[in-house]
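As structure tokens, the structure follows; a few thoughts come after it.
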Amino acid sequence: MSERPAYTEYHPRWLRRQPSTYWWLERRAYLSFITRELSSIFIAWFVVYLLLLVRAVSRGDSSYQAFLAWSRHPVVLVLNVVTLLFVVFHAVTWFKLAPKAMVVHLRGKQLPAALISASNYGAWVAATALVLWLLLGG
Amino acid sequence: MARRSLEPVLWLLFSAGGVASALFVPILVLLFGLAFPLGWLSPPSYEHLYGVLRHPLTRLVLFAVCTLSLIHGAHRFRFTLYDGLQIKHLNELINLFCYGGAIVLSIWAGYLLWRLS
Amino acid sequence: MGDKITLQVTRYRPEEESSATVQEYEVPCPKDWVVLDGLNYIKDRLDGSLTYRWSCRMGICGSCGMTVNGEPKLTCETFLSEYGHGPVKVEPLRNFPVIRDLVVEIGDFMRKLVSVKPWIIRNKEKLLSDGEYLQTPDELDEYKQFGMCINCMLCYSACPIYGLEPGFIGPAAIALAQRYNLDSRDEGSAERLEVLSEHDGIWGCTFVGECTEVCPKHVDPAGAIQRYKLTAALDNLKSFVIPKSAR
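From first to last, the protein sequence lines stand for chains A, B and C. Residue numbers for the first sequence follow our numbering, so the first one is 1481 and each next one is one higher. Residue numbers for the second sequence follow our numbering, so the first one is 26 and each next one is one higher. Residue numbers for the third sequence follow our numbering, so the first one is 4 and each next one is one higher.
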């Protein structure tokens, strides 16, 4: 059967339904998916924010203090609260799904997905602890 | 392979960026976005932060996290534009905007981190 | 839950109309009836012109996939009692062109399935006298899940990427390719890579994950695809570093 059939009496016109622009609103799972994908914008924003911090630090103490003051501005605060929500959503969904791609074999048997998940979460805890220690401890 | 496509490489970078951003960004947002501005924790002193930042290992890791996270975000956003807004026919413009943006910001990151020394 | 339930069934009669309409039927709903029983009641007693596919009525042939109240389902496995008082909306499977009423055109999937070569590929076949190919239970476990696919296409219906881009090769085709790639008897991974690594292949997938959610046989095509992305991407890297002749 060809891709573009000629419509005849014995080959009636097929009904082709186009997805709507708002297909992602039709199911909860799709909405959840698009939310996860939109976290990409907030990741990018926060990298810019971090780089602004680095730039402020490289310019000296007064610049750093000015940055901290700017970070207290209500608009920036609200933006960062939203960013935190999206970024945590990204991290949680990432660690839930990553084991699907990483199938590790030991002595011919697959390691249980729960083990891969646990090691991912473990790495998250370790990375968080490292950052906390670097910035607040030492 | 029939066609030397960039897709596999982009996906690997996207994945690496996904891991890097998932591991490091949440705590950084919590600290520098909320805890320090709102006074829940006192921010590190200038001397301390500068000391931590200018360490070559910190700069290297921070550069990697920034660059990979930017590529991750760019890749994901590109597909969001394709599928969410159904504007795949503008794919050249979208690719330029997304990956181009990531590259430009990565160069800026490299410059800033290099300048710290 | 009364003794009758309303089914709102999509009708499309191309010789009469250019768009779909909805027709309502009241059918009995005993406790053990499924949507397919309702459709068969309509065809037998109420309206013989209703057109739909079904066969085994026990969830193994994959023929009776339809969209029930917005969800892709096998109508032989979906109980009417799940829907309380109703009404139950029965539409043709989404993301496929409709030929008539509830029957969709599945040629696209069939072509894509063949394109991934879902059969054992050997560089050199064993002689019959050498005996059968042996496989341990662990080797069977590697691919068994992906072999449970009944080609019902509910996953294609749930996949928004397939709806937006008909060129996308789709969940079941990739899962079935993996079923053979991961089979210890198979030597055809490289051949399948050609088809799967094209732009319309696995790279269109953004891991929405709905395909796995709706699969009636728990195949987990989303997992198969992500795993294959890693394999294909690492293979791609290797091909840059190690020339083909040395591999």
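The beta-carbon is built from N, C-alpha and C at its ideal position, and this holds for glycine as well.
Other residues of its chain near residue i: CB distance less than 7 Å, five sequence neighbours each side excluded
i	result
V1537 (chain A)	Y1544
E190 (chain C)	I124, R125 and N126
G62 (chain C)	L77, C79, E80 and P219
R188 (chain C)	I123, Y136 and Q138
G150 (chain C)	R182
R28 (chain B)	Here the model assigns R28 (chain B) a pLDDT of 43, short of 50, so the residue's position is not dependable, and the following value carries that caveat. Nothing listed; no residue qualifies.
I1447 (chain A)	A query on residue 1447 (chain A) cannot be resolved here, the shown segment of chain A reaching from 1481 to 1618 and no further.
A227 (chain C)	F149, I177, A178 and Q181
G134 (chain C)	none
K115 (chain C)	I172, G173 and A176
D203 (chain C)	G170, F171 and I172
A41 (chain B)	L93
R56 (chain C)	S66, C67 and V106
M26 (chain B)	Low per-residue confidence applies at M26 (chain B): pLDDT is 35, beneath 50, and the placement is therefore not dependable, though the value from the model is reported in the following sentence. Excluding sequence neighbours, M26 (chain B) sits near nothing in its chain.
E318 (chain C)	For chain C, the structure presents residues 4 to 250; residue 318 (chain C) sits outside this window and is missing.
Same chain only: Cβ atoms within 6 Å of residue i, ignoring 5 sequence neighbours per side
i	result
F82 (chain C)	V37
Y146 (chain C)	R182, L185 and D186
V101 (chain C)	Y15, P95 and V107
R84 (chain B)	L138
C32 (chain C)	I8 and L83
L31 (chain B)	none
R250 (chain C)	Note that R250 (chain C) scores 49 on pLDDT, short of 50, meaning its location in the model is unreliable; the coordinates nonetheless yield the value given after this. For R250 (chain C), where only same-chain residues beyond five positions count, there are no Cβ hits under 6 Å.
L39 (chain B)	Strictly speaking, residue 39 (chain B) in this sequence is Phe, with Leu absent from that position. Excluding residues within five positions, the ones whose Cβ falls inside 6 Å are H97 and H100.
Per-residue contacts from residue i into chain C (C-beta, under 9 Å)
i	result
L30 (chain B)	The identity of residue 30 (chain B) in the sequence shown is Ser, whereas the question assumes Leu. Those are S200, E201, H202, W206 and N239, listed as they occur along chain C.
P1499 (chain A)	R97, N98, P163, G166 and L167
Inter-residue CB distance, residue i and residue j (contact presumed, cutoff 8 Å)
i	j	result
G53 (chain C)	D104 (chain C)	Position check: residue 53 (chain C) holds Leu in this sequence, whereas Gly was assumed. Indeed, because the Cβ distance is near 6 Å, the residues count as touching under 8 Å.
V222 (chain C)	A180 (chain C)	So it is not a contact: roughly 12 Å between Cβ atoms.
A89 (chain B)	Y124 (chain B)	With a Cβ gap of about 18 Å, A89 (chain B) and Y124 (chain B) do not count as contacting.
G68 (chain C)	M156 (chain C)	6 Å
P169 (chain C)	R1493 (chain A)	Not confirmed; about 17 Å, so no contact.
R1516 (chain A)	T1573 (chain A)	5 Å
I1514 (chain A)	H1570 (chain A)	Contact doesn't hold; Cβ gap of about 13 Å is too wide.
W1504 (chain A)	G126 (chain B)	So it is not a contact: roughly 23 Å between Cβ atoms.
T209 (chain C)	I164 (chain C)	6 Å
A236 (chain C)	P33 (chain B)	4 Å
Beta-carbon neighbours of residue i, restricted to chain C and to distances below 8 Å
i	result
S1493 (chain A)	The amino acid occupying residue 1493 (chain A) in the given sequence is Arg; Ser does not appear at that position. Those within 8 Å of R1493 (chain A) in chain C are P17 and S21.
V34 (chain B)	A236, N239 and L240
W1503 (chain A)	P163, G166 and L167
Under 9 Å from the C-beta of residue i: neighbouring residues of chain A
i	result
A134 (chain B)	V1527, L1530, L1531 and V1534
L124 (chain B)	Sequence check: residue 124 (chain B) is Tyr here, not Leu. Within 9 Å Cβ-Cβ: nothing; Y124 (chain B) doesn't reach chain A, min ~12 Å.
Q2 (chain C)	Missing from the structure shown is residue 2 (chain C); chain C here goes from 4 to 250 and no further.
Closer than 7 Å at the beta carbon, the chain B residues around residue i
i	result
K232 (chain C)	W36
R1603 (chain A)	Correcting the residue type first, residue 1603 (chain A) is Ala in the shown sequence and not Arg. By Cβ distance, chain B contributes L48.
S1597 (chain A)	Result: empty, since nearest Cβ-Cβ is about 13 Å, beyond 7 Å.
V1558 (chain A)	Chain B residues near V1558 (chain A): none, gap ~10 Å exceeds 7 Å.
V1555 (chain A)	None at all; the shortest Cβ gap to chain B is about 12 Å.
Close-in-space but distant-in-sequence residues of the same chain around residue i (CB under 8 Å, 5 per side omitted)
i	result
V253 (chain C)	Since the first residue shown for chain C is 4 and the last is 250, residue 253 (chain C) is missing from the structure and cannot be characterised.
H114 (chain B)	none
E27 (chain C)	T9, L10, Q11, V12 and P90
Contact set between residue i and chain C, taken where Cβ atoms lie within less than 7 Å
i	result
F104 (chain B)	T209
Where residue i meets chain A, residues with beta-carbon distance less than 7 Å
i	result
D254 (chain C)	In the structure as shown, chain C starts at 4 and stops at 250, and residue 254 (chain C) therefore has no counterpart that could be examined.
V101 (chain C)	W1494 and L1495
E197 (chain C)	Near E197 (chain C) there are no residues of chain A at all, since even the closest Cβ is about 21 Å away, more than 7 Å.
L78 (chain B)	V1534 and V1537
G226 (chain C)	K1580
R108 (chain C)	The displayed chain sequence assigns Glu, not Arg, to residue 108 (chain C). Near E108 (chain C) (Cβ distances below 7 Å), the residues of chain A are W1494.
Residue i beta carbon near the ligand MN (any heavy atom closer than 6 Å)
i	result
D189 (chain C)	Absent from the structure shown: the ligand MN. Ligands present: none.
Contact set between residue i and chain B, taken where Cβ atoms lie within less than 9 Å
i	result
A1546 (chain A)	Under the 9 Å cutoff, chain B gives no residues; its nearest Cβ is about 11 Å from A1546 (chain A).
Proximal chain B residues relative to residue i, where beta-carbon distance stays under 8 Å
i	result
I1521 (chain A)	G98 and F102
T1563 (chain A)	V54 and G58
Proximal chain A residues relative to residue i, where beta-carbon distance stays under 8 Å
i	result
L85 (chain B)	Going along chain A, no residue has its Cβ under 8 Å from L85 (chain B), so there is no contact; the nearest lies around 13 Å.
Q1 (chain C)	What the structure shows of chain C is the stretch from 4 to 250, and residue 1 (chain C) is not part of that stretch, so it cannot be assessed.
L74 (chain B)	V1537, Y1544 and L1615
Inset, instruction - Mind listing, in chain order, the continuous alpha helix (DSSP H) runs of no fewer than 4 residues lying wholly within the segment 1559 to 1608 of chain A? - result: none
Inset, instruction - Please list the residues of the segment 1571 to 1588 of chain A that have a C-beta atom closer than 8 Å to any C-beta atom in chain C, keeping them in chain order. - result: L1577, K1580, A1581, M1582, V1583 and G1588
Legend entry - Inside the segment 44 to 96 of chain B only - alpha helix (DSSP H) runs reaching at least 4 residues: 71 to 79
Legend entry - Positions along the segment 209 to 222 of chain C whose CB lies within less than 7 Å of some CB in chain B: T209
Inset, instruction - Can you give me, in chain order, the residues of the segment 1505 to 1516 of chain A that have a beta carbon less than 8 Å from any beta carbon in chain C? - result: Taking 8 Å as the Cβ-Cβ cut-off against chain C, the residues of the segment 1505 to 1516 of chain A that qualify are E1506, R1507, A1509, Y1510 and F1513.
Inset, instruction - Quick one: which residues of the segment 51 to 70 of chain B get their C-beta closer than 8 Å to a C-beta of chain A? List them in chain order. - result: Answer set for the segment 51 to 70 of chain B: P51, I52, L53, V54, L55, L56, F57, G58, L59, F61, P62, L63, L66, P68 and P69.
Inset, instruction - Within the segment 73 to 153 of chain C, note down every full beta strand (DSSP E) run reaching 3 residues or more, in order along the chain. - result: 74 to 77, 91 to 94 and 101 to 103, all fully within the segment 73 to 153 of chain C.
Legend entry - Secondary structure, alpha helix (DSSP H): runs of 4+ residues fully inside the segment 152 to 224 of chain C: If we require 4 residues or more, the alpha helix (DSSP H) runs fully inside the segment 152 to 224 of chain C come out as 157 to 161, 163 to 167, 174 to 184, 192 to 199 and 213 to 217.
Legend entry - chain A contacts from the segment 109 to 120 of chain B (Cβ-Cβ distance under 8 Å): G109, L110 and Q111
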